[in-house]
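Colleague: Numbering of the sequence shown is given in numbering that gives the first Met the number 0, commencing with residue 0 and proceeding in unit increments. Beta carbons: idealized from backbone N, C-alpha and C, even for Gly. The structure that follows is given in the form of structure tokens.
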Amino acid sequence: MTDRAEGCKGSELGASQIFGLTFIIEAGAASILCVLILFALVLRNAISQKKHPFQTHLDIYLMSLFVADIFQGLVAVLDIRWAQTGRVDCGTHCVVQGLMCQFGQTAVAMSTLAITIHTFFVILFRWKPPTSKRIPLCVVGVIWAYNILFAAIGYGTHTGKGGTQVFYVPSPYGCWLYPSAGLRLLSQYFWLNLALFSTTVLYIPLFFAIRGDTYLIVGYTKRWYRYRIILSKPESGFSPTPAVNWEEDPGVAADIQSAAKKMLWYPVAYAITALPADVIRWAVLQKIDPAVPVKDIPFTAIAVFWSMFNISGVVNVILFTLTRPRILLFGSQRESGEQRGNRSTLDGDSMELGRKRAYAQDGGYGRRGEGSGGSVDSIIDVVRSAPQAPPIAKLPAGHQAINDRTW
């Protein structure tokens, strides 16, 4: 493939674009560096502990996210050629950058969506993931197969037409798909916006459920899809889950509220980094007048928001260390066998709720030793291990059953 492929128009960059690209390049390089350091620490833990790093479902989902962060960082780093030459041209370098966009930005959105849905079902529906890793392996396999096939089929189809229709073209500050609304929607727009929408919608009921303001009774019949939503006040001392009493054990309430706040950082962080770039894409990049030279288009806002978007690897590593330190073998070397057996985690912090659950459930709700077994996918034991609640005939004063029908 020549540097100036037939039917492809390059874009001349101005001084402001070149200056802005340097910040985007630095953001991508920082993301790659942070993720590689994390991978090195994971490898160290696996060797020192003689364990496989993928112990839970979330381990696999997060590894997919971090790998996608590397590809997304590479997209930004490849801008270094455009900054050096002062123009974006078609050619091999352009094709590589376009491929990295598919494996990076799209895979980040899809992996984030998988983590969001997984966490939602574990917490709200009290789903205990099986020990088998088939589900996350299938999900991650579909994510990467989709992106590989999309790029391979699209590129192969277009290059087979004599090179007159190039698949990856300047767009205009980097290389991506040629202007096709349908292909760009399937390639990235749909998944990025679906991830943004889902993280917002799913985490709202999740936050209130963990706080105790609402409670989802699942499985009060033999059909899993029948449920009731109960409106409850934590300070009232009433909880539809018999093992939790907000007044008798305020420490449990504090742990749950803390976990809820930490969980909210994931959708918030993704929205902060991805939403502005998405808005810029639709509001500015899609409305560029072809008659206006690229070097004359204001680039400041684009550079700022795209730098934020490409620094997602740094953000995800920071969130990982702050909210889920028990994943990928982190922190497990400091635990004894007894602590691992009793530990129940929601956000990775050792909350030691296994003993509290056993104490609270001596009346028949559970037996000692039936903790999560150290699985980071387990919901807080006091919630997950509670028996299936029967239909509530009458709620205490001040509580209201909302949506008492089945769905």
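Tell me the DSSP bridge mates of C174?
Modeller: According to DSSP, C174 bridges with P169.
Colleague: Would you kindly work out how many angstroms separate the C-alpha atoms of I435 and I31, rounded to a whole number?
Modeller: Residue 435 cannot be examined here, being either before or after the span of the chain that is shown, 0 to 406.
Colleague: Can you grab the Cα-Cα spacing for the pair G93 / Q71, in whole Å?
Modeller: First, the residue type needs correcting, since residue 93 is Cys and not Gly in the sequence shown. Taking the straight line joining both Cα atoms gives about 15 Å.
Colleague: Distance check for T156 and A29, CA to CA, integer angstroms please.
Modeller: Between A29 and T156, the C-alpha separation is close to 35 Å.
Colleague: Report the rounded CA-to-CA distance for V293 versus L12, giving the unit in angstroms.
Modeller: The alpha-carbon atoms of V293 and L12 are separated by roughly 6 Å.
Colleague: How many Å lie between G90 and A150 at the Cα?
Modeller: Rounded to the nearest angstrom, the two C-alpha atoms are 16 Å apart.
Colleague: Hey, T115 and T198: beta-carbon distance below 7 Å or not?
Modeller: Result yes, Cβ atoms of T115 and T198 sit closer than 7 Å.
Colleague: For the region 268–279 and the region 307–317, state whether three or more C-beta atom pairs, one from each stretch, are separated by less than 8 Å.
Modeller: Yes, since at least three Cβ pairs between the region 268–279 and the region 307–317 fall closer than 8 Å, the two stretches touch.
Colleague: Check each candidate in Y172, L185, A45 and name the one with the smallest Cα separation from G85.
Modeller: When only C-alpha atoms are compared, the closest one is Y172.
Colleague: Quick one: what's got a C-beta closer than 6 Å to F53's C-beta in the same chain, skipping five residues either side?
Modeller: Cβ within range, chain order: I59.
Colleague: Rounded to the nearest angstrom, what separates S63 and C7 at their Cα positions?
Modeller: Each residue's alpha carbon lies about 33 Å from the other.
Colleague: Answer with buried or exposed for I301, where buried requires no fewer than 16 other C-beta atoms within 10 angstroms of its C-beta.
Modeller: I301 is buried by the Cβ-count criterion.
Colleague: What does DSSP give as the partner residue(s) for E11 in the beta ladder?
Modeller: DSSP lists R86 as partners of E11.
Colleague: Could you give the distance in angstroms between the alpha-carbon of L37 and the alpha-carbon of L328?
Modeller: For L37 and L328, the distance between alpha carbons rounds to 12 Å.
Colleague: Considering Cα atoms alone, identify which of K50, G153, Q83, I24 is closest to V76.
Modeller: Checking every option, the nearest Cα to that of V76 belongs to I24.
Colleague: For L112 and A194, which I take to be in contact (beta-carbon distance under 8 Å), what is that distance rounded to the nearest angstrom?
Modeller: The pair is a contact, with the Cβ atoms about 4 Å apart (cut-off 8 Å).
Colleague: Do you know whose CA, among P266, C100, L40, lies nearest P169's CA?
Modeller: Measuring from the Cα of P169, the nearest candidate turns out to be C100.
Colleague: Rounded to the nearest angstrom, what separates L136 and D288 at their Cα positions?
Modeller: If I take the Cα positions, the gap works out to 44 Å.
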